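Once you know that position 138 of the sequence shown is 180 in my numbering, the rest is easy, because the numbers rise by one and skip nothing. C-beta atoms are modelled at their ideal positions from N, C-alpha and C, and glycine is treated no differently. Treat the numbers as computed from the prediction; the structure is a model and nothing was measured.
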Amino acid sequence: MATIEVAEPQAGPGQVVIETEAIGVGGVDAVIRRGTLGGYGFTTGLIPGSEVAGRVTAVGTDVDQSWLGRRVWAFTGTGGGYAEQALARVGDVVALPHDLSSIDAVTLGSAAPVAHFALTHAHFAPGESVLVRGASGSIGIATVEIAARGGAEAIAVTTSSPQRGNLLRGLGATHVLDRSGAGGPATPQTYDVVIDIVGGPGLPSFIDRLAPNGRMVVVGVVAGMPPTDFGMRLIAGFQQSRSLATFSLDTVPVAARDTVRVEQFAAAARGELHAVVHAVLPLNQAAEAHRKMDAGEVFGRIVLTP
């Protein structure tokens with residue numbers, strides 16, 4: 043990953059140009075860089091980054107001029123965010139509250155809606171137990187907080203160290219497991235809902251942690267794709283009526299997505315939802331940000347600033 047000079051973006055129809063103040067470094071950026079999603083058409087030379095926050099400096103001819111000068115959060119697609127100026131469709135732009143920083147906005151802007159709608163996709167209800175697999179990243183942390191606010195009876199997390207476990211307890215977790223799913227004697231063995239951000243070869247063993255009628259929702263594959271025969275675990279537990287689904291925010295209607303995002307930004311400004319920032323690095327240290335993610339050093343989100 044190298045720093046290069048490119049031409050300034052020009053706003054086309056339905057687009058805005060944003061002078062970035064903060065750029066979120068997401069797990070999906072790392073998955074794309076590693077080639078895990080190579081089959082989806084990602085090629086060498088892609089500028090990574092899918093979310094930015096900053097000020098609108100230009101708009102397309104068909105875009106409301108009132109966007110000019112406003113502080114916004116924006117989804118830039120599957121790339122283009124690691125830049126001093128970024129393009130976004132105006133439909134993927136949300137105005138920011140005055141009392142929410144751009145750094146906090148890119149920490150929550152994608153992660154918190156994914157957590158909210160993943161729990162909705164799992165039909166999570168108050169009083170149920172939840173296991174968050176891979177809880178140390180921004181999606182996992184948001185899932186813990188939202189499940190706690192939603193009345194979960196128990197919230198277990200997998201993480202790499204007791205120190206991270208203690209931090210997650212402060213955000214609402216009630217049980218801390220290691221990466222394999224092992225915990226103390228009081229740890230529940232099964233859960234009504236499993237939100238899996240990790241994927242990889244360990245996914246099938248967590249299907250076994252579903253209670254009768256339990257639901258697993260996979261929202262990420264940061265550890266790679268699961269084994270091709272992972273569905274056999276569901277068949278093996280046929281009488282448990284377990285289910286597994288994938289979830290992408292792309293399937294949520296834009297209006298519903300924006301409504302939740304605006305509510306979450308307001309909650310964060312009030313201190314009810316927490317943006318956990320591991321580090322803020324200059325844009326030219328994007329490669330170091332990815333090294334930290336690959337090494338498993340990150341708790342929360344790394345944010346780049348121009």
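Residues near residue i in its chain [Cβ-Cβ closer than 7 Å; skip 5 each side]
i           : result
residue 54  : 102
residue 323 : 330, 331, 344, 346
residue 309 : 315
residue 169 : 193, 195
residue 284 : 249, 252, 256, 276
residue 223 : 200, 247, 248, 251
residue 274 : none
residue 209 : 341
residue 233 : 171, 172, 173, 198, 251, 252, 253, 256
residue 50  : 127
residue 300 : 136
Same chain, Cβ closer than 8 Å to residue i, five either side skipped, listed in chain order
i           : result
residue 243 : 265, 266, 268, 269
residue 57  : 101, 102, 105, 129, 130, 131, 132
residue 141 : 311
residue 293 : none
Residue i, buried or exposed, once every other Cβ within 10 Å from all chains shown has been counted against 16
i           : result
residue 335 : buried
residue 228 : exposed
residue 48  : exposed
residue 163 : buried
residue 261 : buried
residue 239 : buried
residue 118 : buried
residue 167 : exposed
residue 52  : exposed
residue 76  : exposed
residue 45  : exposed
residue 296 : exposed
residue 71  : buried
residue 271 : exposed
residue 149 : buried
residue 187 : buried
residue 69  : buried
For residue i, the first and last residue of its enclosing beta strand (DSSP E)
i           : result
residue 302 : Segment 296-311 is the alpha helix (DSSP H) holding residue 302; no beta strand (DSSP E) there.
residue 288 : 285-288
residue 347 : 343-347
residue 196 : 196-200
residue 117 : 113-117
residue 131 : 127-131
residue 266 : Per DSSP, residue 266 belongs to no beta strand (DSSP E) and is neither H nor E.
residue 320 : 319-324
residue 66  : 57-67
residue 99  : 93-101
residue 237 : 233-238
residue 315 : Residue 315 -> no beta strand (DSSP E), and no H or E assigned at all.
residue 171 : 171-175
residue 257 : 252-260
residue 32  : A query on residue 32 cannot be resolved here, the shown segment of the chain reaching from 43 to 348 and no further.
residue 351 : Beyond the ends of the chain as shown, which are 43 and 348, falls residue 351; an answer cannot be given.
Start-to-end residues for the alpha helix (DSSP H) that takes in residue i
i           : result
residue 186 : 180-191
residue 336 : 328-336
residue 147 : 144-150
residue 205 : 204-212
residue 275 : 274-278
residue 161 : 153-163
residue 246 : 245-249
Contact under 9 Å by Cβ, residue i with residue j
i           : j           : result
residue 135 : residue 147 : no
residue 152 : residue 241 : no
residue 94  : residue 123 : yes
residue 127 : residue 59  : yes
residue 197 : residue 63  : no
residue 291 : residue 73  : no
residue 113 : residue 96  : yes
residue 318 : residue 338 : no
residue 202 : residue 180 : no
residue 235 : residue 225 : no
Own chain residues within Cβ distance below 6 Å of residue i, not counting five before or after
i           : result
residue 237 : 160, 174, 185, 259
residue 340 : 320, 334
residue 348 : 62, 126, 325
residue 99  : 59, 61
Contact with chain D by residue i, beta-carbon distance below 9 Å
i           : result
residue 113 : The chain inventory of the structure shown lacks chain D, comprising one protein chain alone.
So, do the stretch 186-199 and the stretch 211-227 have three or more beta carbon pairs nearer to each other than 8 Å? yes
Whether or not the stretch 273-283 and the stretch 294-310 are in contact is what I'm after, with contact meaning three or more pairs of Cβ atoms, one per stretch, closer than 8 Å; do they touch? no
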